[in-house]
Amino acid sequence: HTPRWVCILRVFAVENTLELTSMRGTQSLPVVYRSSAWRRLLMFLLCVAFVAGGLSTAEARPLVGYGCAAFFGLGAIVTGIALHPRSTYLQLTEDGFAFYSLFRRTFVPWAEVREFFPVQIRGHAMVGFKYSEHVNRQAAARRFSVALSGAEGALPETYGVGASELSAVLNARRTQHAP
Numbered sequence: 186h187t188p189r190w191v192c193i194l195r196v197f198a199v200e201n202t203l204e205l206t207s208m209r210g211t212q213s214l215p216v217v218y219r220s221s222a223w224r225r226l227l228m229f230l231l232c233v234a235f236v237a238g239g240l241s242t243a244e245a246r247p248l249v250g251y252g253c254a255a256f257f258g259l260g261a262i263v264t265g266i267a268l269h270p271r272s273t274y275l276q277l278t279e280d281g282f283a284f285y286s287l288f289r290r291t292f293v294p295w296a297e298v299r300e301f302f303p304v305q306i307r308g309h310a311m312v313g314f315k316y317s318e319h320v321n322r323q324a325a326a327r328r329f330s331v332a333l334s335g336a337e338g339a340l341p342e343t344y345g346v347g348a349s350e351l352s353a354v355l356n357a358r359r360t361q362h363a364p
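If you're matching positions, the sequence shown starts at 186 in the numbering used here and goes up one per residue.
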């Protein structure tokens, strides 16, 4: 079940342009895609359960118990922060796209991206992208990333939309708004 604040998008080719539609009608910029809160809530609850398990074994095996509680306690804090609706999302604007992860913003202008494409990274479908030829920053890190995944960059998740569909939406926006 898709949360109500995630639009179900369909991409339709209309005379060489792509039109984004949703249950609420045509999407105009900026468009925001939010991540699934259910997965983060499950991770939070699992971390809390492991903290409780670690504390319950701390009397018999203090090093293991407190170590487990500390490790999963940090996980509970991070996933608790990630549950905030403004901590993790993707925003598309006329200038480019920005993805937010734990309130940290990464902005990439449309002109700096050559293409978006679906990619499998460690068994997870993600949206990868290749930078334009004129972009020279972080060249060594980008070569390493290409060797690992075939993409110079990737979005951290698909925000409730399939990787193929999100790639098509991003390519359409890039084509529409890149100089």
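Glycine included, each C-beta is placed from N, C-alpha and C at the ideal position.
### Message
Can you give me the C-alpha to C-alpha distance between K315 and A245, rounded to a whole angstrom?
### Response
Here residue 315 corresponds to residue number 130 of the sequence shown, with the count starting at 1. Here residue 245 corresponds to residue number 60 of the sequence shown, with the count starting at 1. Cα-Cα distance, rounded: 52 Å.
### Query
Rounded to a whole number of angstroms, what is the C-alpha to C-alpha distance between L230 and A261?
Translated into the one-based positions of the sequence shown, residue 230 becomes position 45. Translated into the one-based positions of the sequence shown, residue 261 becomes position 76. When rounded, the distance between both Cα atoms is 8 Å.
### Query
With a Cβ-Cβ cutoff of 7 Å, do L287 and V312 count as a contact?
Along the sequence shown, one-based indexing puts residue 287 at 102. Along the sequence shown, one-based indexing puts residue 312 at 127. No. Outside cutoff.
### Message
At the level of alpha carbons, what is the spacing between C192 and L275?
### Response
Position 7 of the sequence shown holds residue 192. Position 90 of the sequence shown holds residue 275. Below a pLDDT of 50, predicted positions are generally treated as unreliable, and C192, at 35, falls in that range; no measurement from the model is reported.
### Query
Given C232, which residues of its chain have a CB within under 7 Å of its CB, disregarding the five upstream and five downstream residues?
The residue you call residue 232 lines up with position 47 of the sequence shown. Only F257, G260, A261 and T264 meet the Cβ criterion.
#### Entry: Beta bridge counterpart(s) of V176 as assigned by DSSP
With the chain covering only 186 through 364, there is no way to say anything about residue 176.
### Task
Consider the Cβ of A339: report whether some Cβ of chain D lies at a distance smaller than 7 Å.
Looking for chain D here will not work: only one protein chain is present.
#### Entry: Contacting residues, own chain, Cβ-Cβ under 8 Å from S317 (five flanking each side not counted)
The residue given as residue 317 occupies position 132 in the sequence shown. Only A296, E297, V298 and R299 meet the Cβ criterion.
### Query
S272: which of G347, Q323, A324 and F284 sits nearest, CA to CA?
The residue labelled residue 272 in the question sits at position 87 within the sequence shown. Closest by alpha carbon: F284.
### Query
Where V331 and E337 are concerned, what is the direct C-alpha to C-alpha distance, given to the nearest angstrom?
Working through the sequence shown from its first residue, we reach residue 331 at position 146. Working through the sequence shown from its first residue, we reach residue 337 at position 152. Going by the C-alpha atoms only, they are around 5 Å apart.
### Task
Grab me the residues of E342's own chain with a C-beta within less than 6 Å of its C-beta, minus the 5 sequence neighbours each way, in chain order.
Taking the first residue of the sequence shown as 1, we reach residue 342 at position 157. Closer than 6 Å at the Cβ level, and outside the excluded window around E342, lie S220.
### Message
Using 7 Å as the threshold, is the C-beta distance between L277 and R225 below it?
### Response
Taking the sequence shown and counting its residues from 1, the one referred to as residue 277 is at position 92. Taking the sequence shown and counting its residues from 1, the one referred to as residue 225 is at position 40. Not a contact, by the Cβ cut-off of 7 Å.
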